[in-house]
Amino acid sequence: MQQRSPERIDKVKIWMEIIQAVATVLAIAGGLIWFVLQRSTKPEVKIEQTVTHRSVAGHPDQSLISVDVRATNVGKVKVDLEPGVLEILQINPILEKDKQTAWPKFQLKRLTLEPGESDQALFRDFIVPATVQTIQIHSRYTVPGEPGLYWNLLSFADIGVEPSRNETASSVH
Numbered sequence: 025m026q027q028r029s030p031e032r033i034d035k036v037k038i039w040m041e042i043i044q045a046v047a048t049v050l051a052i053a054g055g056l057i058w059f060v061l062q063r064s065t066k067p068e069v070k071i072e073q074t075v076t077h078r079s080v081a082g083h084p085d086q087s088l089i090s091v092d093v094r095a096t097n098v099g100k101v102k103v104d105l106e107p108g109v110l111e112i113l114q115i116n117p118i119l120e121k122d123k124q125t126a127w128p129k130f131q132l133k134r135l136t137l138e139p140g141e142s143d144q145a146l147f148r149d150f151i152v153p154a155t156v157q158t159i160q161i162h163s164r165y166t167v168p169g170e171p172g173l174y175w176n177l178l179s180f181a182d183i184g185v186e187p188s189r190n191e192t193a194s195s196v197h
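The sequence shown maps to residues 25 to 197 in our numbering.
What follows is the structure, given as structure tokens:
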């Protein structure tokens, strides 16, 4: 049996180390490409709004409106949301310009959401005249690191019909 020279063994070792290093670099590059293609660095948030209305006992001319806003991190990275805004507008009946009143804006709370986590951003009750039939609800959060881009949800709720009714809307961005 022929004995291998130490020089030849050293050359084989060097080539094996080179092949191993190239395979490691290719595996890391492949993992990076897969990670980017999965868009794992892009935050994704779903906003849900639920509107409930009831008549106010002893006050047939008023309705109690409850608005619940929830945010859910449906992405794969943690999301830090700065305070958002909830706006409510009367849609029906349409008011004459001189009779229009500004509805208050409400602040959605600052949230930190891990992937898959959900939290309540706002729960607010308010009273409106029973003549109000439809309102528009608009919730929005600024996308972190992207000024001018928002996660938002615009929905309508018919409140002048049957009492104690829930209307839910959701949006994924």
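Glycine included, every Cβ here is placed at the ideal spot set by N, Cα and C.
Alpha-carbon spacing of residue 38 relative to residue 55, whole angstroms: 26 Å
Pick from 147, 183 and 137 that is closest to residue 154, judged by C-alpha positions: For the residues 147, 183 and 137, the minimum Cα distance to residue 154 belongs to 183.
Beta strand (DSSP E) runs wholly inside the stretch 65-110, at least 3 long, in chain order: 69-80, 83-97 and 103-105
CB contact flag (residue 133, residue 99, <8 Å): Going by C-beta atoms, residue 133 is not nearer than 8 Å to residue 99.
Nearest candidate by alpha-carbon position, reference residue 89, set 177, 165 and 156: 156
Best match in 151, 50, 42 and 178 for proximity to residue 84 [C-alpha to C-alpha]: 151
Separation of residue 75 from residue 111, as counted between CA atoms: 13 Å
Beta strand (DSSP E) segment containing residue 137, residue limits: Residue 137 -> beta strand (DSSP E) spans 135-137.
Closest residue to residue 127 among 136, 162, 169 and 144 (Cα-Cα distance): When the alpha-carbon of residue 127 is set against those of 136, 162, 169 and 144, the nearest one is in 162.
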